[in-house]
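Every letter in the sequence shown is one number past the one before it in our numbering, and letter 213, counting from 1, is 525. Comments concern the structure below.
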Amino acid sequence: MQLYSTKNATAFVSLKEAVMKGLPDDNGLFMPEHIPTLSADFIENLEKYTFPEIAFEVSKTLLQGAIPENDLKKIIDKSITFPAPVIQLDESTTILELFHGPSLAFKDFGARFMAQIMSYFNQKEDEELIILVATSGDTGGAVAAGFHKTPGIRVVILYPSGKVSPLQEKQLTTLGHNITALEIDGTFDDCQALVKKAFLDKKLNQKLRLSSANSINIARLIPQSFYYFEAYKQVKHLNKPVVFCIPSGNFGNLTAGLLAKNMGLPIHKFIAATNENDVVPEYLGSGNYTPRPSVRTISNAMDVGNPSNFARMADIYANLKGNPELNGSTWNNMKEDIVGFGVNDPATKEGIKEVCTKYNYVIDPHGAVGYLALKQYQKDNPDILGIILETAHPSKFISDVESILNLKVDIPERLAILSDKPKVATFLPKDFTTFKDWLNKNL
Ligand SMILES: *Cc1c(COP(=O)(O)O)cnc(C)c1O
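Spelled out as C-alpha cells, the structure:
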C-alpha cells in the first residue's frame with residue numbers, strides 16, 4: 313500500500329511512514345493511492361462473517377500486504393472487541409450504535425486500531441515512543457483507552473484544568489500504567505500550544521522519540537470503514553436501498569463511509585448531517601466552500617467550522633479515476649452521492665423528545681441531528697432504508713439529555729465504575745519551560 317498527500321499526488325510514502333508521521337510535510341492529508349474493491353462474493357455473503365472477520369477482509373484488501381496477514385489478524389482481534397449493533401426503530405429507520413467501546417463514542421474504533429498499528433510499527437525500536445495529546449475532553453478518553461497497556465508506547469495527555477466534565481476527567485486520569493495525565497492551568501489552546509512547542513524543540517526531540525495521535529491519522533480512518541460493512545450485513549435482508557446518515561464534525565466518519573463505498577459496498581446515498589456548523593451542507597447545495605469560525609451547540613463534538621477531512625472528500629471526488637459515469641466537477645460528483653442538512657439546537661431538542669416518545673429510544677444530541685436530517689431526506693425519498701450513526705452514548709451528554717427528556721439516563725457500568733477510582737494527574741502551569749523540565753525528568 314502506498315499513500316500520497318492530498319496536496320501532492322505524485323510523492324508516495326509507505327503505510328508505516330503515514331501512520332508514524334500523521335501528517336505529510338506539506339500539510340495535506342494522506343490518502344491511499346488505490347482503493348481496491350472487494351469481491352462481489354464477499355459482499356453477497358457478508359452475513360457469514362463475524363465483525364472481526366469483516367474487519368480483517370476489508371483491511372487486508374485495503375492494506376495490500378503492508379502488514380502480513382497473521383500480524384494484521386492479531387491487530388484486528390485486539391482492536392475490534394465490541395459490537396456495532398443495528399437497532400430497528402421502524403420499517404425505514406434504523407440506528408447503528410457505535411458507543412459500545414470503552415469511552416462510549418465511535419472514536420474508540422479509530423483510537424484502538426491506531427494504537428495497535430503504531431505499536432506494531434514500533435516493535436523493533438528499543439526506545440519508548442512517547443505520544444503527546446492535547447484534549448478538550450472526548451478524543452483524550454478514546455486515545456487513553458486505546459493505548460492503555462500497549463507495549464513500548466507511553467501516552468502523555470494534557471487537558472485544561474476545570475474545563476472537562478468530571479467523567480471525562482476520570483477517563484483521562486484513572487488508567488495508570490503507560491497513561492500519564494497532565495492537568496494544565498490553562499485552556500485547551502494552551503495545552504495544544506505546549507504540544508506543538510515540544511515537537512519543535514530540537515533538544516527534546518534528540519532525547520525523546522515523540523509522536524502524536526492526530527485525529528486525521530489514516531490509521532484512525534481505516535477502521536471506521538469496517539462498521540459500514542457490519543451495519544449493511546444486518547439490514548441486507550430488508551432489501552431496500554441503504555442510506556447512511558452521519559452526524560458530522562470533521563467528517564472522518566463520513567470519509568470512512570466513502571472508502572467503504574469505493575471498496576464495493578452498495579451504499580445508495582450518504583447524508584451529511586450537521587448542527588448549525590453547516591459548511592459542508594452549504595457546499596453541497598451551492599458549490600461554494602466557505603469555512604468560518606465554529607459556533608457552540610448542544611451537539612458540541614460537531615462544532616467544527618473548517619472540517620479537516622473535507623480535503624479527503626474533495627480528493628476522492630476529484631479523482632474518480634476510470635469511473636465513466638462521474639466525470640463532472642468535484643462538486644457535481646460529490647452531490648451525486650452525498651446530500652447535506654444542517655439542524656439547529658431547538659430542532660435537535662425536539663428530535664431527542666420525538667425519538668423517545670415515538671420509539672422509546674434515548675438518543676444523544678449528535679444522533680438526534682442525524683435523525684432529523686434523515687427525516688428531511690425521507691420526505692422526498694420514502695422508499696429507502698436509513699441507518700443513523702449513533703456516535704455516542706446519551707450518558708456522555710447526561711445533563712442535556714436528562715433535562716430535555718425529564719428522565720434519568722443510565723450510565724453504563726464501564727463508565728460508572730470510574731467515579732470511584734482515584735484521579736492521578738500532575739498539575740502544571742502553562743509555561744513551556746516547566747512542561748519541558750517535567751518531560752526531561754519523568755520520561
Ligand atoms: C467526533 C464526534 C463526531 C464527529 O465525527 P467526525 O468524524 O469528526 O465527523 C460526532 N459525534 C460524536 C459524539 C463525536 O465524538
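Every residue gets a Cβ at the ideal spot worked out from N, C-alpha and C, and that includes glycine. Nothing here was measured: the structure is a model prediction, and the numbers come from that model.
1. Under 7 Å Cβ to Cβ from Ala321, same chain only, skipping five residues before and after it: list those, please.
2. Please list the terminal residues of the continuous beta strand (DSSP E) segment that includes Ile272.
3. Thinking C-alpha only, which one of Arg466, Ala457, Pro734 is nearest Leu522?
4. What three-state label does DSSP hand Asn562 in the structure shown?
5. Out of Gly617, Arg604, Asn587, Ala396, which has the shortest C-alpha to C-alpha gap to Asn656?
6. Helix, strand or coil for Asn320, going by three-state DSSP, please let me know.
7. Beta-carbon within less than 8 Å of Lys545's beta-carbon, same chain only, minus the 5 sequence neighbours each way: which residues are those?
8. I think Ala525 touches Ile443, with their Cβ atoms under 8 Å apart; what is that distance to the nearest whole Å?
9. Would the beta-carbon of Phe582 fall within 8 Å of that of Ile650?
10. Can you list, in chain order, the residues of its chain with a C-beta nearer than 7 Å to that of Asn562? Leave out the 5 residues immediately preceding and following it.
11. Would you mind sorting Pro414 into buried or exposed? The rule is 16 or more other CB atoms within 10 Å of its CB.
12. Taking the continuous alpha helix (DSSP H) assigned at Thr447, which residues delimit it?
13. What residue range is occupied by the uninterrupted beta strand (DSSP E) comprising Val467?
14. Cβ of Asn526 versus every heavy atom of ligand 3: is any distance shorter than 7 Å?
15. Within 7 Å: the Cβ of Met426 and any heavy atom of ligand 1?
16. According to DSSP, is Gly597 part of a helix, a strand, or is it coil?
17. Tell whether a beta-carbon distance below 8 Å holds between Phe535 and Phe418.
18. Put Leu520 into one of helix, strand or coil per three-state DSSP.
19. Alpha carbon to alpha carbon, how far is Glu439 from Leu751?
20. With DSSP collapsed to three states, give me the class of Ile407.
21. Pull up the CB-CB distance for Gly701 and Ile558, whole angstroms please, since I reckon it's below 8 Å.
22. Within 10 Å of its beta-carbon, does Lys733 have 16 or more other beta-carbons around it, so buried, or fewer, so exposed?
23. What are the start and end residues of the alpha helix (DSSP H) that includes Leu719?
24. Under the three-state reduction of DSSP, which class applies to Gly634: helix, strand or coil?
25. For Gly449 versus Gln480, is the C-beta distance shorter than 8 Å?
26. Are there three or more Cβ pairs, one per stretch, closer than 8 Å when the stretch 477-497 is compared with the stretch 392-404?
27. Can you check which of these residues, Asn718, Gln435, Asp749, Met646, is closest to Cys668 by C-alpha distance?
28. Compute the Euclidean distance between the alpha carbons of Gly599 and Thr485, then round it to the nearest angstrom.
29. Could you give the distance in angstroms between the alpha-carbon of Thr373 and the alpha-carbon of Ile699?
30. On a Cα-Cα basis, can you pick out the residue from Ser560, Lys436, Leu596, Thr738 that is closest to Ala613?
31. Measure the alpha-carbon distance for Ala352 versus Pro677 and round it to whole angstroms.
32. Any idea what DSSP makes of Leu335, helix, strand or coil?
33. In terms of alpha-carbon separation, which member of Tyr595, Lys548, Val455 lies closest to Met625?
34. Answer yes or no: the CB of Asp450 versus the heavy atoms of ligand 1, is any distance below 7 Å?
35. Let me check you understand the geometry: is the CB of Ser560 closer than 7 Å to at least one non-hydrogen atom of ligand 1?
36. Are the CB atoms of Phe368 and Leu384 within a distance shorter than 8 Å?
From the atom records:
1. Position 9 of the sequence shown, counted from the first residue, corresponds to residue 321. Hits under 7 Å: none found.
2. Since the first and last residues shown for the chain are 313 and 755, residue 272 lies out of range.
3. As a first step, residue 522 must be located in the sequence shown, where it is residue number 210. Selected option, being the one with the closest Cα: Arg466.
4. Residue mapping note: residue 562 aligns to position 250 of the sequence shown, counting from 1. It is coil, neither helix nor strand.
5. For the purposes of this step, residue 656 is taken as residue 344 along the sequence shown, with counting starting at 1. It is Asn587.
6. For the purposes of this step, residue 320 is taken as the residue at position 8 of the sequence shown. Three-state result, Asn320: strand.
7. In the sequence shown, the residue the question calls residue 545 occupies position 233. Answer for Lys545: Leu358, Glu359, Tyr361, Ile366, listed in chain order.
8. The sequence position of residue 525 within the sequence shown is 213, counting from 1. The sequence position of residue 443 within the sequence shown is 131, counting from 1. Indeed they touch by this definition, with Cβ atoms about 5 Å apart.
9. Start at 1 with the first residue of the sequence shown, and residue 582 comes out as number 270. Start at 1 with the first residue of the sequence shown, and residue 650 comes out as number 338. In contact: Phe582 and Ile650 (Cβ atoms closer than 8 Å).
10. Position 250 of the sequence shown, counting from 1, holds the residue named residue 562. Excluding residues within five positions, the ones whose Cβ falls inside 7 Å are Ser527, Val616, Pro619, Ser620, Asn621.
11. Translated into the one-based positions of the sequence shown, residue 414 becomes position 102. By the 10 Å Cβ count, Pro414 comes out buried.
12. Locating residue 447 in the sequence shown gives position 135, where the first residue counts as 1. Per DSSP, Thr447 belongs to no alpha helix (DSSP H) and is neither H nor E.
13. Here residue 467 is taken as the residue at index 155 of the sequence shown, counted from 1. Run containing Val467: 465-472, per the beta strand (DSSP E) assignment.
14. In the structure on display, ligand 3 does not appear, and the ligands it does have are ligand 1.
15. On the sequence shown, residue 426 is found 114 positions in, with the first residue counted as 1. Result no, Cβ not under 7 Å from ligand 1.
16. Position 285 of the sequence shown, counted from the first residue, corresponds to residue 597. Helix at Gly597.
17. Taking the first residue of the sequence shown as position 1, residue 535 is located at position 223. Taking the first residue of the sequence shown as position 1, residue 418 is located at position 106. Residue identity check: residue 535 is Pro in the sequence provided, not Phe. No, these two residues do not count as a Cβ contact at 8 Å.
18. Here the question's residue 520 lines up with position 208 in the sequence shown. Leu520: coil per DSSP, three-state reduction.
19. Counting from 1 along the sequence shown, the entry for residue 439 is found at position 127. Counting from 1 along the sequence shown, the entry for residue 751 is found at position 439. When rounded, the distance between both Cα atoms is 15 Å.
20. As a working note, residue 407 is residue 95 in the sequence shown. In this structure, Ile407 counts as strand in the three-state DSSP scheme.
21. The count along the sequence shown starts at 1 and reaches residue 701 at position 389. The count along the sequence shown starts at 1 and reaches residue 558 at position 246. According to the sequence shown, residue 701 is Leu rather than Gly. 5 Å between Cβ atoms; contact.
22. Residue numbering aside, residue 733 sits at position 421 when the sequence shown is read from its first letter. Exposed, since its Cβ has fewer than 16 Cβ neighbours within 10 Å.
23. As a position in the sequence shown, residue 719 is number 407, starting the count at 1. Looking at the DSSP string, Leu719 is not in any alpha helix (DSSP H), and its letter there is neither H nor E.
24. Taking the first residue of the sequence shown as 1, we reach residue 634 at position 322. Bear in mind that a pLDDT of 49 at Gly634, under 50, signals an unreliable position, so the number given afterwards is only what the model happens to contain. It is coil, neither helix nor strand.
25. Along the sequence shown, one-based indexing puts residue 449 at 137. Along the sequence shown, one-based indexing puts residue 480 at 168. Yes. Within cutoff.
26. no
27. Stepping through the sequence shown from its first residue, residue 668 is reached at position 356. Comparing Cα positions, the closest option is Asn718.
28. What you label residue 599 is simply residue 287 of the sequence shown in a count that begins at 1. What you label residue 485 is simply residue 173 of the sequence shown in a count that begins at 1. Approximately 44 Å between the Cα atoms of the pair.
29. For this step, residue 373 is matched to residue 61 along the sequence shown. For this step, residue 699 is matched to residue 387 along the sequence shown. Between Thr373 and Ile699, the C-alpha separation is close to 25 Å.
30. The sequence position of residue 613 within the sequence shown is 301, counting from 1. Of Ser560, Lys436, Leu596, Thr738, the residue nearest in Cα terms is Ser560.
31. Locating residue 352 in the sequence shown gives position 40, where the first residue counts as 1. Locating residue 677 in the sequence shown gives position 365, where the first residue counts as 1. Ala352 and Pro677: Cα-Cα distance of roughly 37 Å.
32. Here residue 335 is taken as the residue at index 23 of the sequence shown, counted from 1. Coil, per DSSP.
33. The sequence position of residue 625 within the sequence shown is 313, counting from 1. Considering only alpha carbons, the answer is Tyr595.
34. Residue mapping note: residue 450 aligns to position 138 of the sequence shown, counting from 1. Checking every heavy atom of ligand 1 against the Cβ of Asp450, one is found closer than 7 Å.
35. In the sequence shown, the residue the question calls residue 560 occupies position 248. Yes; taking the cut-off as 7 Å, the Cβ of Ser560 has a heavy atom of ligand 1 nearer than that.
36. Translated into positions along the sequence shown, residue 384 becomes position 72. Translated into positions along the sequence shown, residue 368 becomes position 56. Yes, these two residues count as a Cβ contact at 8 Å.
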